[in-house]
Structure formats: structure tokens, C-alpha cells
Amino acid sequence: MKPDLSVEVWGKKFKNPIIVASATPTKDANYMKKCVDAGAGGLISKTVTYEKALHRYVSPRFTVLHKKGWPHAFSNYSAEFLATYTPEEWMPEMVETKKYCAENNTVFIGSISGDTLENWGKLAKMVEESGADMIECNFGCPHPRDLGYKSGQELGSDPEAAAQVTKIVVEAVKIPVIIKLTAEAVDPVYVAKRVAAEGASGVTVHNRFPALDINIETGRPLLHSTFAGVGGPWMRPIMLKWVAKVAKSLDIPISATNGIWTWEDVVKSIMVGASTVQTCTAIMYGSKQFGVIQDFIKGLEDFMGAKGYNSIAEMRGITLNQLKTWDLVDRESRFLSEVNPDKCNGCKLCVNWCFYGAITMEDKKAQIDRTKCDGCGLCPSLCPRDAITLDGLGHSYLGNFR
């Protein structure tokens, strides 16, 4: 029997935990239908706003940092704003999408960003009237700034302002309200507690960071001489930390996002406490566009079957009880490095990585003086041939080096 991938959260049943995040792939009804056709359990529309400055895009607005590291070690660097439509123009797109979602068992979430307190409530009501199953408030976008009011990550960085807006939106509608958090210059756990106290049904953890990169020939910032948003697969460990912290502190459903590049990332997000997992970068910067959603679903299903998990609930949060505070970390056990001479090609790199004088070269092979080895883990982690392992009692948990 296949494992059950469905998730019941916020009063709705998602056929699987994969949600297409609010971004370019959900920029209009046509593309939102592609999310549905790809098999996503849910999708979140591009954020709608009354702020005219955020309707008109710059060109170009996307670039890639560390391109040689693509597809696994790069950064997406971009300056795309919110939906190009006015709220009045956007609602027909919402209605059309909701109808298609309902016909195909897909949960539809509307994303909003207000330019005034009054408009936060007004937009929430409009989205509810369009038929959306729930609302995501965008308190995390790295782009809105210098607008004369707090929006995006500036709003999400102010716990009291975030709580105030949450209260207005929650009181304006009857459908669930989810708050998309930022990890920028604030403790997301505290913000999550404040918005939960004002009635938020859940939180999304978390949006990208505002960032800066420059051309060293001229000193000019990339793209349009302003800060841009940065993200990519490297953000997964940061996101996992905050999902875990929120999950341990609050009994509230969490949607994980940022750094989701493979099905393994989906599994990790669920294991640290997420109920659903959002993806955007894998669709936009990967090689399969919406086809990656099926890779996520199949990978998740195969993994659960192999491990004996019958449902998402059985593995959700299993990491949380294994997290230790630093006072409980084992400082007595020791591991020592060991070289497999059949794999070692004598590249000598490990000699440069050892700061304990434990590695020398003999007959063009690395040799380790175990009386000097500190068991720090650096050489087995970096060895390009996987010729070095750690020997000791138990498991060293250095990670998967595939």
C-alpha cells in the first residue's frame, strides 16, 4: 500500500504537502493552473497590493550568483516586486483559479500586502470573496522598502506592527490567515507568538533575505543599484533552524519555505515540524520547471514507503526531540580519521586542511597520526575522493556527501 501523502491543516485537506509559493510561477491564472496540473497540493497567488510602485517591474530583475555552482550551490538574486495587477484587475484571475483548483482538488491561498491598515482588511475581504480557501499575509518580502510605511520584511521585523496587521486581517475574514515571516533582524519565534496571539492560524517560515552584491570593476551594485532578494538551496539549514524553533515554541501549523531544491529537503522540513512545504526556486531555476513537483512527490512517496511511514503525520516533527541544548551535548566521545589507501589519490589537499599536524604523505598516500588527530571532521568532510572516514563508537553524522 502506498503511503498517504495527504495533510489536514487549516480546515482543509491537502492531497500532498507541496505548495507552490507566491512568486513568478503564480503570477496569473494561466500559470496558477500549471501548478495545479503539475500535481501540487496547494498554491499561493502572487501577492496583490494597492501600492502602484510595486506593480511595475524593473528589467532585468533576475540574475544568479555563483553560477558555476548551479544546480546545487548557487544563489538566486532578484528584484521582482508584487503582482502587476491592481486588486480589482486581480480578482477575476483569483476567481478563475479558484474554480480550477476546486475542480482538481487543490487548495488555493491568496497572498496580500496592504499599504494602509484599512487596505489590509479590504484586500483580505476581496480575497475571501474571490473564493480563496485561506490568506497568506506577506510580512517577509525583501523588496518593499522606502515606501513611507512598513511593508514586507520591514513589517515582519516589527513584532507589534505585525501583530496589529494580523488582528485587522483576522477580524476582517472568516477563512484562515497565515503569516509569512522574515528571518531578517528579528527573532521569528517572537513574531510568530505575537501574530498567533492575534488569531493567525499558522505561519510560513520564512522569506528570502535582502542582500547586496556588486561589480568590483566599477563598485556598482548588481541589477539596479539597490538591494535585492537572495535565496537558493544554501538557505535550507537556516530555514530548518527557524521551523524547528517555531515548532518547539508554538502549537501552530507551519509551512516551510526557502532552500527547497530536492525531495530530501521536503522530508527534512517535515521532520523539523512543518505541515506543508512551499517551493519556488526549484521551479524557476531548476531544469524541469513545474515538472519538479512530481519529482518531489515521487521522492517523498518512495522514501516514506522504504522507511515504513504510512502518513506524513508519522514523520512530522521527529527531529524535535533529538535536538539538544549545548549543555547536553556529548563532549567525551572521540572519533579519529582513517584513510582508505585504495581511494586516496595523493592529492595532498587534506594536509592543508589539518590544523593538528596529523596528516603527512607517505608513498603518495595520506597517512594519519592518530595520536595527533583531533577528530574534528574537516578532512573527511572535504576529501574529494571520500577516502577519509571517521572511526569511533556510534555514528558521526557528518552528512550525506553525494
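Here the working numbering is used: position 304 in the sequence shown is 310, and no number is missing along the way. Don't be surprised by glycine CBs; every beta carbon is placed ideally from N, CA and C. Since this is a predicted model, take the numbers as computed values, not measurements.
For this session: Find out if the Cβ-Cβ distance for the pair Val-211, Pro-194 is shorter than 8 Å.
Result: yes
Exercise. Would a C-beta distance cut-off of 8 Å place Pro-23 and Val-283 closer than the cut-off?
Worked result: yes
For this session: Compare the Cα-Cα distances from Cys-286 to each of Lys-19, Lys-33, Lys-18, Glu-14 and report the closest residue.
Result: Lys-33
Problem set entry | Buried/exposed call for Pro-98, threshold 16 Cβ in 10 Å | exposed
Exercise. So Leu-342 is in the beta strand (DSSP E); what residue range does that whole segment cover?
Worked result: 342-345
For this session: Entirely within the segment 94-138 and at least 3 residues each: give me those beta strand (DSSP E) ranges in chain order.
Result: 113-118
Exercise. First and last residue of the alpha helix (DSSP H) that includes Glu-223?
Worked result: Counting along the chain, Glu-223 falls outside any alpha helix (DSSP H), and DSSP gives it neither H nor E.
Problem set entry | Coil, strand or helix - Asp-308 by DSSP | helix
Problem set entry | CB contact flag (Met-290, Asn-264, <8 Å) | no
Exercise. Hey, would you say Trp-269 sits closer than 8 Å to Phe-302, going by beta carbons?
Worked result: yes
For this session: Using three-state DSSP, classify Leu-399 as helix, strand or coil.
Result: coil
Exercise. Which partner residues of Gly-265 appear in the DSSP bridge assignment?
Worked result: For Gly-265, which the question treats as bridged, DSSP gives no partner whatsoever.
Exercise. How many Å lie between Ser-207 and Ala-108 at the Cα?
Worked result: 22 Å
For this session: Assign Pro-386 to one of three DSSP states: helix, strand, or coil.
Result: helix
Exercise. Should Ala-79 be labelled buried (16 or more other beta-carbon atoms within 10 Å of its own) or exposed?
Worked result: exposed
Exercise. Can you give the Cα-Cα distance for Leu-129 and Ala-168, rounded to whole angstroms?
Worked result: 16 Å
Exercise. For the alpha helix (DSSP H) that contains Tyr-291, what are its first and last residues?
Worked result: 287-291
Exercise. Who are the Cβ neighbours of Ala-178 in its own chain at under 6 Å, not counting the five residues just before and after it?
Worked result: Gly-127, Ala-130, Lys-131
Exercise. Does the ligand MN have even one heavy atom less than 7 Å from the beta-carbon of Cys-356?
Worked result: As presented, the structure is devoid of all ligands, the ligand MN included, so that no description of it is given.
Problem set entry | Coarse secondary structure for Leu-71, derived from DSSP in three states | strand
Exercise. Where does the unbroken alpha helix (DSSP H) through Glu-160 begin, and where does it stop?
Worked result: 158-162
For this session: Apply the 10 Å Cβ neighbour rule to Ile-118 and answer buried if 16 or more other Cβ atoms are within range, or exposed otherwise.
Result: buried
Exercise. Any idea what DSSP makes of Val-209, helix, strand or coil?
Worked result: strand
Problem set entry | Close Cβ partners of Gln-159 (< 7 Å) along its chain, the five nearest in sequence each way excluded | Gly-146, Cys-147, Pro-148, Thr-188, Glu-190, Asn-213, Pro-216
For this session: Take the Cβ of Ser-65 as the centre, count every other Cβ of all protein chains shown within 10 Å, and call the residue buried at 16 or more, exposed below.
Result: exposed
For this session: Enumerate in chain order the residues of its own chain whose CB-to-CB distance from Arg-62 is below 8 Å, with the five nearest sequence positions on each side excluded.
Result: Phe-87, Thr-90
For this session: Note the first and the last residue of the continuous beta strand (DSSP E) segment covering Ile-141.
Result: 140-144
Exercise. Near Lys-433, what residues of its chain come up, given a Cβ to Cβ distance below 8 Å and the 5 sequence neighbours on each side ignored?
Worked result: Given a span of 7 to 408 for the chain in the structure shown, any question on residue 433 remains unanswerable.
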